[in-house]
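*Asks:* I'd like to ask you about the structure that follows.
Residue numbers (my numbering): 318 to 669.
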C-alpha cells in the first residue's frame, strides 16, 4: 500500500510502498477514507529538530476517518464495514491522570501519527478503544477533523478555560484551530467574540464564522481596541491558538480582572509576561491545554449529526493520496485560502 512517510532527523515526507499493517488482538484494521493534515504534520516533516517523531521511520496523519475492514481477535462491539473516526491519543487508562479524568495527558500516552504509524495511507491500525462511531449524517472529511482540529479548541475553551454563556472571548490566531474556536464560542453562547490574527484573509473568514470584531495582531493599539470593543474592559477568556510568544503576551494583556488565558499554540520561544504583580492583583489564571478526551470527540460527533454544529466550510482542500506531498506544501505556504486540508487515500481528491 502507499503511505506518506517521514524519517526521523531528515526533512521532508515521501509517498512510498509499505506492507499493509496487521491488527493486534485489541486493534482494528481501517481502510482510510479521510486523513486531516495540520501544522503539526508540517513540523514533523520539515522541522526534524523539533523531535516530534519518536520512531526511526513513521507514517504521518493523526486525524483519521475510515471503515473497519478487519478485527483483532479480542475486539468486541465493532464489525467490518463500520464507519469510524479515530482518536489519535493512545492512553493507558490506568495511570493517576487517567483515573482523574485527565486522559488527554496520560502519563504513558502516545500519539498516532507521531509515535505510531498514522492515517495518510491506504490502511492503518488503531486500538478499538480509540474508535468513535460515525453516523451517516457526518461526512468522512468532517469526521476526520472531528478527531483533532475541533476537539482541541473545544477542550481548550470549555473543559480547560471554562467559558460560560454570556462571557467574552478573544481568539488569538484564527487559522485551523482558531476558526473552530470562533465557531464553538458562537454556538455555545459567548456574548462577544474578538478575533486576532496577522492575516487579513483569516480575519475576514473569522467574521464570517461569527466573530464580532477582528483586529490585526500587529496593530500597535491592539490592547486598546480590544478593550474598546468590549465596553472598556478586558475579556473574560483569551485563547491562544498560534505558537507565538508575542501572541501569548498580547493575550495576557487582553484579559480583564478575574479572567483566564488558555494556551494551545506551541512555540520553543521563552515566554515574556508582565510582572507578577499584574498576575496577582488581577487574579488572572494562565492555563495550558494540550489535547482532548475520547468523550470530547463523541460529544462533537453527536452535535454535528444532530445539526447543532456545522463544520462543512472548514475543509478547504480535499486531495488524493498521490497528492499528499503537495498537501503538506499547501499548509506550508500560509495561503489565507487554505483552512483545513484533508487527504482522501481511498477516494478521488476534490481539489480546493
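Ideal placement from N, C-alpha and C gives every residue a C-beta, glycine not left out. Predicted model, so just to flag it, every value in this text is computed and none were measured.
Beta-carbon of residue 614 versus every beta-carbon of chain D: anything under 7 Å?
*Replies:* The structure shown contains no chain D, having only a single protein chain.
*Asks:* Given that a residue counts as buried once 16 or more other Cβ atoms are within 10 Å of its Cβ, and exposed if not, what is residue 646?
*Replies:* exposed
*Asks:* Write down every uninterrupted run of the alpha helix (DSSP H) in the region 436 to 512 whose length is 4 residues or greater and which is fully enclosed by it, in chain order.
*Replies:* If we require 4 residues or more, the alpha helix (DSSP H) runs fully inside the region 436 to 512 come out as 457 to 462, 468 to 471 and 495 to 504.
*Asks:* Report the CB separation of residue 424 from residue 412 in whole angstroms; it is logged as a contact under 8 Å.
*Replies:* 4 Å
*Asks:* If you draw a straight line from the C-alpha of residue 503 to the C-alpha of residue 510, how long is it?
*Replies:* 7 Å
*Asks:* Rounded to whole angstroms, what is the Cα-Cα separation between residue 329 and residue 387?
*Replies:* 31 Å
*Asks:* With 16 other CB atoms within 10 Å as the buried threshold, where does residue 568 fall?
*Replies:* buried
*Asks:* Can you tell me where the alpha helix (DSSP H) with residue 379 in it begins and where it stops?
*Replies:* Taken as a continuous stretch (DSSP letters only), residue 379 belongs to no alpha helix (DSSP H), as it is neither H nor E.
*Asks:* Which runs of the alpha helix (DSSP H), 4 residues or longer, sit entirely within the region 400 to 424?
*Replies:* 413 to 416
*Asks:* Where does residue 415 land, buried or exposed, given buried means 16+ other C-beta within 10 angstroms?
*Replies:* buried
*Asks:* Give me, in chain order, the residues of the same chain whose beta-carbon lies closer than 8 Å to that of residue 643; leave out the 5 immediate sequence neighbours on both sides.
*Replies:* These residues qualify, in order along the chain: 636.
*Asks:* Grab the span of the alpha helix (DSSP H) containing residue 363 for me, first residue to last.
*Replies:* 356 to 363
*Asks:* In terms of DSSP beta bridges, what is residue 344 paired with?
*Replies:* When beta bridges are read from the DSSP output, residue 344 appears opposite 444.
*Asks:* When the Cα atoms are used, what is the spatial distance from residue 439 to residue 334?
*Replies:* 10 Å
*Asks:* Residue 422: which of 337, 596 and 605 sits nearest, CA to CA?
*Replies:* 605
*Asks:* For the beta strand (DSSP E) holding residue 605, just list the boundary residues, first then last.
*Replies:* 602 to 605
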